[in-house]
Amino acid sequence: MKIVITGAGGQLGHDLIRALSPAHEILPFSREQLDVTDELAVKKQISACCPDVIIHAAAFTQVDLAETMFDKAYAINSTGTRNVALAAHHCAAKLVYISTDYVFDGTKAGSYTESDRTNPLSVYGNSKLHGEKFVEMISQTYFIVRTSWLYGKHGTNFVTKVLSLADRQSSLTMVHDQTGSPTYTLDLARFVGELVETEKYGLYHVSNQGCCSRYEFAEAILQAANRTDVSLEAINASAFTMPAPRPDNSAFDDLAIRTNGFSRMRDWKLALQDCIHNDIQYVRSNEG
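As structure tokens, then:
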């Protein structure tokens, strides 16, 4: 298949190209190559590709910055998604929209399924939810893929931040009262590749299996990197003053994956170990 990828320069975009290029013709567009807020440019550039599938991974993901730059966040995450959905409809292409766990308010006691009520706390979450609604209104052949706590080899993410801090500090402080489901970008990319081969359209929660707190996530990162010399201190999220509120719980239940017969994602700890050992190939800085 011929697959257009927006946001190809991002951390997920890199792994989408890596996972899908062996079996498909990939047409990647970075932020510099395609301004998703320009409706005419989006239609022209995507239509010229005649794609079978469009994977829309371009997004404004700076959660705190979005609180003050809300015009830009909505322009990219909402209007930009509408523009890509219109282009997909024009080309009769399948559309994959990458969304977020931040569409939830985090008040549920258990894990969130696809049928749970959305109630975003932040501008970022609201803008991504508006993007979902545009996809549902415009496209008939769409997959909305909500994911959470993304990390991988490329870009800046929680895993790379913890490893970087471990090289500079002997003690780290981590929040213990926010829970979510970590997701390895390469695993997500491989699942998207499986998804687009089907016509099982709809909404999916896609993360590695299981959930943890930020503290437990950091603990597992240090263990996988053999950095037992670095100590961790658990604190409450309320100790941090951040512009954008985060959901206290955004753990995912992969109900749609199970009921549609897809292979379930592997456990988050196994994925993390694979990423650190084989992808990032972490070596502590003072060991060169």
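Position in the sequence shown (first residue = 1) + 278 = the numbering used here. The C-beta atom is built at its ideal place from N, Cα and C for all residues, glycine as well.
- Contact fails between the region 442–456 and the region 322–342, because fewer than three Cβ pairs, one in each stretch, are under 8 Å apart.
- If you look at Ser325, you'll find it in the alpha helix (DSSP H) that goes Glu317 to Cys327.
- Proximity to Leu441 across Ile513, Phe421, Glu317 and His555 peaks at His555, based on C-alpha coordinates.
- Relative to the Cα of Gly471, the nearest Cα in the group Arg424, Gly458 and Val331 belongs to Val331.
- DSSP, read as helix, strand or coil, puts Ser377 in strand.
- Taking the Cα positions, Lys386 is about 11 Å away from Asn397.
- Sequence-distant Cβ neighbours of Asp545 in its own chain, meaning closer than 6 Å and more than five residues away, are Gln487 and Gly488.
- Across the structure, Asn404 and Val381 are spaced so that their CA atoms are roughly 7 Å apart.
- Across the set Ser325, Glu392 and Gln418, the C-alpha of Ser325 shows the shortest separation from the C-alpha of Cys369.
- The C-beta distance from Asp293 to Thr425 rounds to 12 Å, too long to meet the 8 Å contact threshold.
- Relative to His408, the option among Thr434, Ser377 and Lys431 whose CA is nearest is Ser377.
- Minimum Cα-Cα distance from Lys406 among the listed residues Ile281, Ala336 and Gly388 corresponds to Ala336.
- Annotated three-state conformation of Lys547 is helix, per DSSP.
- Between Tyr479 and Phe421 the beta-carbon gap is near 6 Å, inside 8 Å, which marks them as a contact.
- In this chain, the alpha helix (DSSP H) harbouring Ser405 covers Val401 to Ile416.
- Exclusion of the five residues before and after Ala365 leaves Val320, Lys321 and Ile324 as the residues of its chain whose Cβ lies within less than 6 Å of its Cβ.
- Glu497 carries a helical assignment under DSSP once its states are collapsed to helix, strand and coil.
- Per the Cβ contact rule, the region 506–514 is not in contact with the region 309–318 (fewer than 3 Cβ pairs under 8 Å).
- Non-local beta-carbon contacts of Ala297 in its own chain, meaning distances under 7 Å to residues more than five positions away in sequence, involve Leu464, Ala467, Arg468 and Gly471 in chain order.
- Here the alpha carbon of Ala498 sits roughly 23 Å from the alpha carbon of Gly384.
- Rounded to the nearest angstrom, the Cβ distance from His454 to Tyr493 is 4 Å, consistent with a contact under 8 Å.
- Asn355 counts as buried, since no fewer than 16 other beta carbons sit within 10 angstroms of its beta carbon.
- Ser485 is positioned such that its CB atom lies closer than 9 Å to that of Trp427.
- In the DSSP assignment, Leu443 falls outside any beta strand (DSSP E) and within the unbroken alpha helix (DSSP H) covering Phe436 to Ala444.
- Scanning its chain for C-beta atoms nearer than 7 Å, with the 5 sequence neighbours on each side dropped, one finds no residue around Lys439.
- For Asn527, the secondary structure class from DSSP, reduced to helix, strand or coil, is strand.
- Nearest Cα to Thr419 within the set Lys431, Val374 and Thr457: Val374.
- Rounded to whole angstroms, the separation of the alpha carbons of Ala496 and Asn527 is 17 Å.
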